[in-house]
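Numbering (our numbering), first residue to last: 10 to 262. Think of the CB as a built atom: it goes at the ideal place given N, C-alpha and C, for glycine as much as any other residue. In this text the structure is predicted, and so the values were computed from the model without any measurement.
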């Protein structure tokens, strides 16, 4: 009972952070490993995905009530991400994590440096006109990020936000909303893969999902109230945490 209460508190804060800027898994997954030390890693990840998917659904719905997105771009990106997330989850055992971590670390450093260097990056919402080129870029983003999320995962929301700003001139608020829609489908695809293997503890996942959803509602309201500048600061903080975590993991071997 104590471990479930602890996990629900963790899930609430994970949902809050994830709704605003992504990265809730950085809070929720270590919490699950700490509270359930004897549970197989695949079951930890599956339980996390169910709670995260419900929170992301809540955040996406809240954003979409207030933010207009170019569905001609977002929808194909979302479909591609769903398909390739499922593929990534299926081949996860074939690719060594030692190859992925250094690459992701370098990309995160570049992304953070670029955001810091361009002071107005993501502050103004001046979306480009959506043509064939933009749709092709969106499909490529969906395929690449979907595959990455199914395969490895950390930083998926941050990568999506950065790419929506860089290639389509979204501000951080609209980029966060678009990232939630895409990330929801990658979560569902990975969850399907875990559920097929029986790797979801419903007794923990369902209460955590409710707590994650409550946190997501608070996080979305904070982001909407404070605006793109607030989300930009959170984005840089989260990216810095990701860089430190991956760097530490590499040093530890």
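Per-residue burial, residue i [other beta carbons within 10 Å of its own, 16 or more giving buried]
{"i": "residue 242", "result": "exposed"}
{"i": "residue 253", "result": "exposed"}
{"i": "residue 158", "result": "buried"}
{"i": "residue 9", "result": "Beyond the ends of the chain as shown, which are 10 and 262, falls residue 9; an answer cannot be given."}
{"i": "residue 238", "result": "exposed"}
{"i": "residue 39", "result": "exposed"}
{"i": "residue 119", "result": "exposed"}
{"i": "residue 163", "result": "buried"}
{"i": "residue 140", "result": "exposed"}
{"i": "residue 69", "result": "buried"}
Spatially closest choice to residue i from the options, by CA coordinates
{"i": "residue 258", "options": "58, 92 and 113", "result": "113"}
{"i": "residue 129", "options": "178, 191 and 51", "result": "178"}
{"i": "residue 91", "options": "193, 251 and 221", "result": "193"}
{"i": "residue 188", "options": "21, 13, 28 and 22", "result": "28"}
{"i": "residue 135", "options": "17, 77, 164 and 15", "result": "77"}
{"i": "residue 74", "options": "221, 190, 95 and 160", "result": "190"}
{"i": "residue 82", "options": "145, 222 and 69", "result": "145"}
{"i": "residue 47", "options": "230, 12 and 23", "result": "12"}
{"i": "residue 23", "options": "222, 230, 260 and 261", "result": "222"}
Own chain residues within Cβ distance below 7 Å of residue i, not counting five before or after
{"i": "residue 59", "result": "200, 209, 214 and 218"}
{"i": "residue 226", "result": "67 and 71"}
{"i": "residue 42", "result": "53"}
{"i": "residue 51", "result": "203, 206 and 208"}
Collapsed DSSP secondary structure at residue i in the structure displayed
{"i": "residue 180", "result": "coil"}
{"i": "residue 238", "result": "helix"}
{"i": "residue 129", "result": "coil"}
{"i": "residue 45", "result": "coil"}
{"i": "residue 161", "result": "coil"}
{"i": "residue 63", "result": "helix"}
{"i": "residue 108", "result": "helix"}
{"i": "residue 230", "result": "helix"}
{"i": "residue 146", "result": "helix"}
{"i": "residue 19", "result": "helix"}
{"i": "residue 136", "result": "coil"}
{"i": "residue 78", "result": "coil"}
Pairwise C-alpha distance: residue j and residue i
{"i": "residue 185", "j": "residue 206", "result": "31 Å"}
{"i": "residue 232", "j": "residue 182", "result": "7 Å"}
{"i": "residue 111", "j": "residue 117", "result": "10 Å"}
{"i": "residue 89", "j": "residue 148", "result": "6 Å"}
{"i": "residue 15", "j": "residue 44", "result": "8 Å"}
{"i": "residue 235", "j": "residue 228", "result": "11 Å"}
{"i": "residue 240", "j": "residue 26", "result": "10 Å"}
{"i": "residue 86", "j": "residue 30", "result": "19 Å"}
{"i": "residue 171", "j": "residue 108", "result": "23 Å"}
{"i": "residue 37", "j": "residue 84", "result": "28 Å"}
Residue i Cβ short of 7 Å to the ligand FAD heavy atom set
{"i": "residue 88", "result": "With respect to the ligand FAD, the structure shown offers nothing to examine, as it has no ligands at all."}
Contact set for residue i: own chain, Cβ-Cβ below 8 Å, skip 5 residues either direction
{"i": "residue 256", "result": "114"}
{"i": "residue 98", "result": "159, 160, 198, 199, 202 and 203"}
{"i": "residue 132", "result": "180, 181, 237, 238 and 241"}
{"i": "residue 167", "result": "30, 31, 32, 117, 120, 244, 247, 248 and 251"}
Close Cβ partners of residue i (< 6 Å) along its chain, the five nearest in sequence each way excluded
{"i": "residue 93", "result": "152, 155 and 156"}
{"i": "residue 220", "result": "17, 20 and 21"}
{"i": "residue 196", "result": "58, 61, 62 and 65"}
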